[in-house]
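Worksheet: the structure to be examined is printed underneath.
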Amino acid sequence: MNRIRMSWRQKLITTALLCLIVPSLATLAVTSLHTKNEFKKKAIIKAEQSLEVADHYVTNLTNDMISAMNSIQYDSEIITQLRIAWTKYNDEAGAIDFFSFKKITEKLDNFTFFRDKTYVTVLLPNGLYFTNYSTFNLKLSFLYEEPWLKRMYDDPINTTRWVGPQPNYVRSDAAKYPNLVSTVRTFQLYANSPNALIIISKPEGQFHQIFGKYEPDQIMMLKNEEGIIISNTDADLIGQTIAPSFVKGEDTLVLWRGTPYISVKHSLSFAGWSMQSLTDYDYVTGNIGSFINYLFILQIAFFVVFSMIMFYLLRQFTFPILRLSRTAGKVEDGNLDIRSHIGGTDEIGRLGLSFDRMLDRIQEMVRQIEMEQSRKRIAELELLQAQINPHFLFNILNSIRLRVMMKGEEALAGTIGSLSTLLRMTINRNNEFLPLHEEVATVEHYMKLMNFRHSEEMLLTVGLASDTLLDTVPRFTLQPLIENAYIHGLEQKCGEISITSRKQGGSLYIRIQDNGKGMSEEQLTDILSLLRRPNSADRAVPAKVSGIGLRNVHERLAIIYGSDYELDIKSTPGEGTCITLKIPLVATKEDHGHV
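Here is the structure:
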């Protein structure tokens, strides 16, 4: 597949256009999503507040019904009259005591806490009942066989159940109040007598009366724990069972009758009933949809206009770069006389001017190189003639040493000899590896020079194992470590430095120890971490001799011996520092050919 090749200008223009359109689309999408979420949150808060109000309303209704049952059950006069009427009804084969019936009916009619239509029914065993409503042409004996009542005859006394929805059992009011919400309680007239029932019923319309105040924004419903709708402004929904997810209130966004709704559940304090609020999601987010569409069209218009302006400006701004590119191509072909002639005070103008000046300097440098080549041989010859033969220097130093010895200055002669030996070791780089005893001898000469230089002498003790004297080590392995101990450990004062060696497990161990000031744990950690960093130019390392320092020793040994080489530093403040080198003997002998 052929890839589309684009020039730098085309890439720049395409990138600029993408940088305009991508953030715009992303901002539009994020704004839409965030706004919808905010509207959804506000709708949920509003639904929760309205459910709280509806909860108070429904709770007041149910409290009235509970109060009515308590007033009947715990009114001694009513209970007395009920006992009289029931006794006569049983003893006289269904005869009704008129006086008791009248008193009970008057009591039931005089309840003052009922604000709206309420049906009060007291069912006594064996078919005797009392109501606060007219039973003319109405026989309630069928209630004794109703399943929702029949199952309560065996319940313990004071058992209260909530029932709903149910058809209105007062047939004269069924057209006006088709459904009822009832509460039933068991009680006994005498100990061990059959259960009697108190039934308090209210039309379902009283419950959904509060729901209608929040339409059409919200759909409210009262449902039981099985998910059966008890009350709703839509009569067709009453008695239907809703989805389990509605019952549990698991989802905040549900599908109801093919329309998405925001669902909020509010549990009531009795019977496991709850209220559900459904808010039309499209109604909540409808305005934001039109706003987003308007914003999208507006952004498209702005994008087209500004893209055309930006396209024109970018072409004008980048044309000097195109001309500079063409000039560079001709220079690459060998034409050094061409110039871009790009002017201006901006970056591109300065770039063109610098490019032209660079070509001028290149031409000038070419002429200079041609002239310098002719002088190079003469300069090299003069340089060689000016050099001093190093062997001549060594011979002069030896002559000075002999004359000093002849005059009896043996200490000074020894110092000059040490200087001569150290210079010879520094200049002579033919042998990369030396026997350990020669490396230590170099260190001893170095220490003689340091003691000669300073007033306070430092003691160097050497304890090399005899089987390690001929083992080879890289040149100038020990001298930087001794110098580090002398300068930083002993601070150029009197003290003692010891060098010991031993063999163990196919490796040569060399230890350099001083009794100087030592290092703190933090300083030691910093030094070790710096040494472990490869090619770090900012490490705090000691001074160098002939380009070789502590870092170079560590890195050079690591390069030569690899992972078999180890460097260990231990230090105690006030006691001194100990450096241990582990050098593999096999690599030393086989790879480098030394014995």
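Straight run, no breaks: the sequence shown in my numbering ends on number 583.
Just so it is clear, CB atoms sit at the ideal spot from N, CA and C, and this is done for glycine as well.
Within 8 Å, strictly: CB atoms of residue i and residue j
i, j, result
"A56", "I250", "no"
"I230", "G246", "no"
"I571", "S495", "yes"
"N484", "D502", "Per the sequence presented here, residue 484 reads as Glu, with Asn not at that position. Going by C-beta atoms, E484 is nearer than 8 Å to D502."
"K211", "Q264", "yes"
"L469", "I567", "yes"
"S517", "P561", "no"
"A184", "L112", "yes"
"L126", "I92", "no"
"I188", "T106", "yes"
"Q61", "R149", "no"
"L128", "Y141", "no"
"M53", "T147", "no"
"K491", "A453", "yes"
"Y165", "L131", "no"
"L424", "R463", "no"
"V169", "I218", "yes"
"F284", "L5", "no"
"H196", "T221", "yes"
"I198", "A35", "no"
"L49", "Q194", "yes"
Beta strand (DSSP E) segment containing residue i, residue limits
i, result
"F89", "No beta strand (DSSP E) holds F89; the alpha helix (DSSP H) holding it covers 86 to 97."
"W244", "241 to 244"
"H254", "247 to 255"
"P468", "Run containing P468: none in the beta strand (DSSP E); it sits in the alpha helix (DSSP H), 467 to 472."
"F421", "421 to 423"
"S219", "217 to 220"
Counterpart residues of residue i in DSSP-defined beta bridges
i, result
"T570", "Position check: residue 570 holds Lys in this sequence, whereas Thr was assumed. Beta-bridge pairing links K570 to Y497, E554."
"A184", "F175"
"Q154", "L168"
"L266", "I207, S251"
"E484", "L447"
"V110", "F118, I186"
"Q351", "Its beta-bridge partners do not exist; DSSP assigns none."
"P191", "L168"
"Q37", "Q37 is not bridged to any residue."
"V461", "L422"
"G564", "T560"
"D502", "I485"
"R441", "In DSSP, R441 forms no bridge with anything."
"R149", "V172"
"R490", "Y497"
Boundaries of the alpha helix (DSSP H) in which residue i is found, first to last residue
i, result
"I66", "64 to 79"
"P622", "The requested residue 622 is not part of the displayed model; the chain covers only -11 to 583."
"D514", "509 to 520"
Residues near residue i by beta carbon distance below 7 Å, same chain, minus five either side
i, result
"D85", "I72, A73, K76"
"P308", "I330, I336, G340"
Beta-carbon proximity list for residue i, same chain, < 8 Å, skipping 5 on both sides
i, result
"T315", "I326, R327, S328, F343"
"F294", "L8"
"Q373", "In this prediction, Q373 scores a pLDDT of 44, lower than 50, which makes its location untrustworthy; the coordinate-derived value is nonetheless stated afterwards. Once the five neighbours on either side are set aside, Q373 has no close Cβ partner at all."
Same chain only: Cβ atoms within 6 Å of residue i, ignoring 5 sequence neighbours per side
i, result
"M207", "Sequence check: residue 207 is Ile here, not Met. Around I207: L266."
"H44", "none"
"A259", "W150"
"T576", "No answer about T576 holds up, because its pLDDT of 46 lies below 50 and its placement is not dependable."
"M(-6)", "none"
"Q351", "L324"
"L466", "E427, V431"
"I498", "S489, L569"
Beta carbon proximity, residue i to chain B, threshold 8 Å
i, result
"I567", "Protein chain content of the structure displayed is limited to a single chain, and chain B is not contained in it."
Counting only runs of 4+ residues fully inside the stretch 261 to 348, write out the alpha helix (DSSP H) ranges in chain order. 269 to 320
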